[in-house]
Amino acid sequence: MSETSALVILIAAIFTNNILLTNFLGMCSFIACSGQIRTAVGLGTAVTFVMTATTILNFAIYHFILIPLGLDHLTFIVFIAVIAAFVQFVEMFVERFSPKLYFALGIFLPLITVNCAILGASLFMVIRNYTFVQSAGFGFGAGLGWAVAIILMAGLRQKMAYSNIPQPFQGVPIAMIVTCVLAMAFMGFAGMVSIQ
Amino acid sequence: MVYLLSVLSFAGLTTALAALLMVAERWLVNYGVCKLDINAGEKPLEVDGGRTLLSSLYANEIFIPSACGGKGTCGHCKIIVTSGGGPVLPTETPYLSRKEIRANLRLACQVKIREDIYVRIPEDLLDVRMFTSTVQGVRELTHDIKEIRLRLDEPSEISHRPGQYVQVQAPAPDEPVFRAYSISSPVYEPDIVELVVKLVPGGIASTYLHSLKTSDTVHFTGPFGEFRLNDDPSVEVICIGGGCGMAPIRNIIYTLYKRWPDRSCRLFFGCRTTRDIFYLNQFEELARKHPSFHVVYALSDKLGKDEKWDGETGFVHLSVDKHLEPGVRRQAFLCGPPPMIEAVTRVLQDKGIPPNDIFYDEF
Numbered sequence: 436m437s438e439t440s441a442l443v444i445l446i447a448a449i450f451t452n453n454i455l456l457t458n459f460l461g462m463c464s465f466i467a468c469s470g471q472i473r474t475a476v477g478l479g480t481a482v483t484f485v486m487t488a489t490t491i492l493n494f495a496i497y498h499f500i501l502i503p504l505g506l507d508h509l510t511f512i513v514f515i516a517v518i519a520a521f522v523q524f525v526e527m528f529v530e531r532f533s534p535k536l537y538f539a540l541g542i543f544l545p546l547i548t549v550n551c552a553i554l555g556a557s558l559f560m561v562i563r564n565y566t567f568v569q570s571a572g573f574g575f576g577a578g579l580g581w582a583v584a585i586i587l588m589a590g591l592r593q594k595m596a597y598s599n600i601p602q603p604f605q606g607v608p609i610a611m612i613v614t615c616v617l618a619m620a621f622m623g624f625a626g627m628v629s630i631q
Numbered sequence: 032m033v034y035l036l037s038v039l040s041f042a043g044l045t046t047a048l049a050a051l052l053m054v055a056e057r058w059l060v061n062y063g064v065c066k067l068d069i070n071a072g073e074k075p076l077e078v079d080g081g082r083t084l085l086s087s088l089y090a091n092e093i094f095i096p097s098a099c100g101g102k103g104t105c106g107h108c109k110i111i112v113t114s115g116g117g118p119v120l121p122t123e124t125p126y127l128s129r130k131e132i133r134a135n136l137r138l139a140c141q142v143k144i145r146e147d148i149y150v151r152i153p154e155d156l157l158d159v160r161m162f163t164s165t166v167q168g169v170r171e172l173t174h175d176i177k178e179i180r181l182r183l184d185e186p187s188e189i190s191h192r193p194g195q196y197v198q199v200q201a202p203a204p205d206e207p208v209f210r211a212y213s214i215s216s217p218v219y220e221p222d223i224v225e226l227v228v229k230l231v232p233g234g235i236a237s238t239y240l241h242s243l244k245t246s247d248t249v250h251f252t253g254p255f256g257e258f259r260l261n262d263d264p265s266v267e268v269i270c271i272g273g274g275c276g277m278a279p280i281r282n283i284i285y286t287l288y289k290r291w292p293d294r295s296c297r298l299f300f301g302c303r304t305t306r307d308i309f310y311l312n313q314f315e316e317l318a319r320k321h322p323s324f325h326v327v328y329a330l331s332d333k334l335g336k337d338e339k340w341d342g343e344t345g346f347v348h349l350s351v352d353k354h355l356e357p358g359v360r361r362q363a364f365l366c367g368p369p370p371m372i373e374a375v376t377r378v379l380q381d382k383g384i385p386p387n388d389i390f391y392d393e394f
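Protein chains in written order, with my numbering: chain A, 436 to 631; chain B, 32 to 394.
Right, here's the structure in full:
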């Protein structure tokens with residue numbers, strides 16, 4: 436993969452390889468927090484930021500600590516610890532220096548610690564052997580892709596609130612069906628660019 | 032070798048992360064000492080920033096009612112924050128109406144103190160204390176309701192209005208929880224607090240209270256509550272309870288007859304079966320002493336074969352409808368399950384009691 440440019444990876448991570456709609460990662464907060472567009476934008480922004488930063492951080496830790504020491508079997512646990520610590524740090528930092536942003540993102544930050552899409556992005560970066568720039572592009576793109584998906588979903592759910600849905604499908608079932616249709620729609624992008 | 036290296040490097044990494052976070056917390060979450068001003072200078076306090084408003088108030092012995100222990104799930108700890116509270120958080124909005132948001136009401140457990148903060152707390156709440164008490168006796172009233180009599184140790188007396196409640200502290204696996212129970216003993220016994228507790232299967236506080244034995248120690252805060260008895264003796268007092276909703280009513284009735292022996296008062300109490308009846312003998316005795324007191328108990332379930340009952344039957348609001356003639360100045364106190372409160376409120380309003388004079392405790 437080393438010859439693909441970071442920009443292509445970024446575009447691919449949003450459209451053809453959307454981490455939510457093709458890998459189905461980060462589904463729990465996707466279903467839980469997609470009731471309103473405003474919430475979705477907040478959570479999407481937070482996920483994009485954390486995903487970009489943790490992918491870069493984990494790249495450094497993986498290539499400069501784990502590989503030289505021959506400890507790549509610790510990848511999972513180390514990545515999880517780094518993500519958790521980073522989220523906590525960001526929460527404190529934002530709370531102190533940008534109360535406005537904190538009130539917009541504040542309650543979503545802790546949710547991100549347990550968002551599997553974040554860990555997923557770091558692991559894809561390892562599996563696909565990305566370079567540093569590619570990793571950064573991928574992390575940013577995957578985050579944006581996740582944000583796009585949840586914002587689309589929130590828009591659809593806001594519309595659905597006024598539609599006449601048969602009773603057995605109300606709530607989570609219709610959300611799952613809509614997610615499925617959304618994922619199929621994103622398949623239309625396949626072939627535009629391609630990464631693994 | 033690889034095992035040792037794995038353990039060491041992972042331990043090293045987590046230690047480094049933890050150290051980083053601790054340093055960050057030291058520098059970032061330290062808001063210094065902030066001013067906490069209550070009721071425009073009435074009680075200025077200095078508190079450490081970074082904690083929630085609720086815990087800072089608790090630390091200064093100001094007990095705001097809270098049933099969930101500051102988790103933001105009960106919505107009881109509403110107070111007015113005039114400035115310094117920041118914007119309303121998404122965790123608060125489910126518990127605040129538009130009107131309350133406009134009136135600057137906030138959930139004290141969600142507001143974090145980051146700067147000087149100005150709050151308003153009703154005078155009543157400033158008088159709330161933490162009490163330590165000893166169980167003096169436990170009596171079974173019915174198959175699932177117990178009367179628990181507590182003698183106050185520290186402070187040794189409680190000053191409350193009839194109908195107010197206390198928050199009993201019950202031990203729980205994580206941290207103690209607080210649950211509201213009305214005081215059923217009359218106001219003129221200031222060193223005693225009696226509670227009427229129905230056992231709720233799986234309930235933390237009711238299980239704890241039902242397991243108490245004589246001379247056990249119980250902690251609670253109080254008094255809380257908005258019940259206010261009208262001081263005009265010509266106003267008739269109507270008390271209506273259902274299930275185990277007896278405690279505040281018993282307090283009101285006994286307090287009332289101590290002060291106004293001739294004041295007119297009616298008690299309506301709804302039970303399911305004869306098994307659920309309690310305090311009826313006490314109230315009948317009181318009615319013999321005070322002819323202006325009338326007691327009506329109503330059973331809602333069909334009588335069993337061996338049950339004897341010559342009183343009212345059907346839901347309690349039907350008895351209320353039957354026994355009250357309209358057009359008398361009255362004040363009403365209701366305590367019971369929400370459907371009962373709703374049905375009774377409708378009947379009382381039909382009888383001409385204005386909504387302001389109907390007080391209720393729902394559970």
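The beta carbon of each residue, even a glycine, is placed where N, CA and C say it ideally should be. Here the structure is a predicted model, which is why all the values come from computation and not from measurement.
Query: Cβ contact check for the segment 486-499 of chain A and the segment 55-67 of chain B: 3 or more pairs under 8 Å; Result: no
Query: Contact under 8 Å by Cβ, residue 448 of chain A with residue 576 of chain A; Result: yes
Query: Assigned exposure category for residue 87 of chain B - 16 Cβ within 10 Å defines buried; Result: buried
Query: Start-end ranges of the alpha helix (DSSP H) lying completely within the segment 534-589 of chain A, minimum 4 residues; Result: 534-540, 543-548 and 551-562
Query: Beta-ladder partner(s) of residue 75 of chain B, from DSSP; Result: B:68
Query: Through-space distance from residue 41 of chain B to residue 500 of chain A, alpha-carbon basis; Result: 11 Å
Query: Paired residues, beta bridge with residue 469 of chain A - DSSP; Result: For residue 469 of chain A, which the question treats as bridged, DSSP gives no partner whatsoever.
Query: Three-state secondary structure assigned by DSSP to residue 184 of chain B; Result: strand
Query: Local conformation of residue 116 of chain B per DSSP, three classes; Result: coil
Query: Interface flag, residue 127 of chain B vs chain A, CB-CB below 8 Å; Result: no
Query: 9 Å Cβ cut-off: residues of chain D touching residue 505 of chain A; Result: The displayed structure is made up of protein chains A and B, and chain D is not among them.
Query: Under 7 Å by beta carbon: chain A residues contacting residue 215 of chain B; Result: Per Cβ cutoff of 7 Å: no residues; residue 215 of chain B is ~41 Å from chain A at best.
Query: Under 8 Å between C-beta atoms of residue 343 of chain B and residue 369 of chain B; Result: no
Query: Neighbour list for residue 484 of chain A in chain B, Cβ cutoff strictly below 9 Å; Result: Residues of chain B passing the Cβ test: none, with the nearest at roughly 17 Å.
Query: Residues that DSSP places opposite residue 408 of chain B in a beta bridge; Result: Any answer about residue 408 of chain B is impossible in this case: the structure gives chain B only from 32 up to 394.
Query: Residues from the segment 513-527 of chain A in contact with chain B, defined by Cβ distance under 9 Å; Result: 513, 516, 517, 519, 520, 521, 523, 524 and 527
Query: Endpoints, the alpha helix (DSSP H) within which residue 229 of chain B is located; Result: Premise fails: residue 229 of chain B lies in the beta strand (DSSP E), 223-229, not in any alpha helix (DSSP H).
Query: Proximity to residue 521 of chain A [Cα-Cα], best of A:591, A:546 and A:579; Result: A:546
Query: Positions along the segment 529-562 of chain A whose CB lies within less than 7 Å of some CB in chain B; Result: 531, 534, 538 and 542
Query: Spatial distance of residue 221 of chain B from residue 530 of chain A (CA atoms); Result: 47 Å
Query: Under 8 Å from the C-beta of residue 509 of chain A: neighbouring residues of chain B; Result: 37, 40 and 41
Query: Neighbouring residues, chain A, relative to residue 45 of chain B (Cβ below 7 Å); Result: 516
Query: Opening and closing residue of the alpha helix (DSSP H) in which residue 238 of chain B lies; Result: 235-241
Query: DSSP three-state assignment for residue 620 of chain A, whether helix, strand or coil; Result: helix
Query: CB contact below 8 Å: residue 86 of chain B versus chain A; Result: no
Query: Range covered by the alpha helix (DSSP H) that runs through residue 38 of chain B; Result: 33-59
Query: Residues of the segment 51-84 of chain B whose Cβ lies closer than 8 Å to any Cβ of chain A, in chain order; Result: 51, 52, 55, 56, 59 and 60
Query: Residue 556 of chain A beta carbon less than 8 Å from that of residue 454 of chain A; Result: yes
Query: Separation of residue 103 of chain B from residue 122 of chain B, as counted between CA atoms; Result: 7 Å
Query: Assumed close pair residue 259 of chain B, residue 151 of chain B - CB separation to whole angstroms, cut-off 8 Å; Result: Contact doesn't hold; Cβ gap of about 20 Å is too wide.
Query: Chain A contacts made by the segment 98-124 of chain B, where a contact means CB separation under 7 Å; Result: 117, 118, 120, 121 and 122
Query: Within-8 Å CB hit, residue 48 of chain B to chain A; Result: yes
Query: Per-residue burial, residue 436 of chain A [other beta carbons within 10 Å of its own, 16 or more giving buried]; Result: Bear in mind that the predicted position of residue 436 of chain A carries a pLDDT of just 47, short of 50, making it too unreliable to give a figure here.
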